Amino acid sequence: MAVSLSDGLCRHPLPRLSSPKAITEAPGSGGNERRVWRRRKLARTDEKMKYKMDRIPFLEEQIRRIRENGNILSMDIEKMMLSEENRFDFVNQVAAEATAYVQADPDEYGGKKAILHVLSNRMNDAGFPRSEAYVERDPFKPGPTYLREEL
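Start counting the sequence shown at 1; every next residue gets the next number (UniProt numbering).
In structure tokens:
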């Protein structure tokens with residue numbers, strides 16, 4: 001009894017390599033990902049996004065100042081920690097000095113960080129010029145001669 005291989009294997013057509021979904025891919029996407037067609041989008045769009053300002057004045061200046069000061073401050077702390085023999089003793093000394101500043105004049109250090117004053121003073125003593133408490137003047141803030149007009 002002769003068995004024909006072509007009868008049993010070729011009943012189902014071979015799958016096509018180029019499917020309609022593969023045609024919809026972006027030309028520069030690499031070719032491995034397929035885009036799925038959906039009737040609705042899964043993510044909602046933000047309604048407030050179209051009213052967004054080009055720049056957020058207060059936030060941008062604060063981020064800029066923190067980034068600039070943060071790099072200098074972290075490098076200064078690292079320099080001082082490496083120059084000290086006992087790091088834990090150094091940290092305790094800086095904290096005690098900052099606490100003494102606050103206890104001596106609580107009105108002046110109400111909104112300020114006394115630890116920044118201590119670190120800037122120590123860097124100035126070491127010969128690296130730093131502004132007091134790493135404070136930079138805000139270029140976007142009006143000066144003392146600015147008169148606010150009431151509406």
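Beta carbons: idealized from backbone N, C-alpha and C, even for Gly. A quick note: this is a predicted structure, and the numbers were derived from the prediction, not measured.
Going by C-alpha positions, Lys79 is about 13 Å away from Asp125.
Glu84 has its alpha-carbon roughly 18 Å from the corresponding atom of Ile115. Rounded to the nearest angstrom, the gap between the Cα atoms of Pro106 and Leu82 is 31 Å. Straight-line measurement puts the Cα of Ala104 at about 17 Å from the Cα of Leu119. Around the Cβ of Met123, a 10 Å sphere holds 16 or more other Cβ atoms; the residue is buried. Of the residues Arg34, Leu73 and Ala100, the one whose Cα lies closest to the Cα of Arg130 is Leu73.
The C-beta separation of Lys113 from Ala133 comes to about 7 Å, placing the pair in contact by the 8 Å criterion.
In the DSSP annotation of this structure, Glu84 is not part of any alpha helix (DSSP H), being labelled neither H nor E. If you draw a straight line from the Cα of Glu108 to the Cα of Asn71, it comes to about 26 Å.
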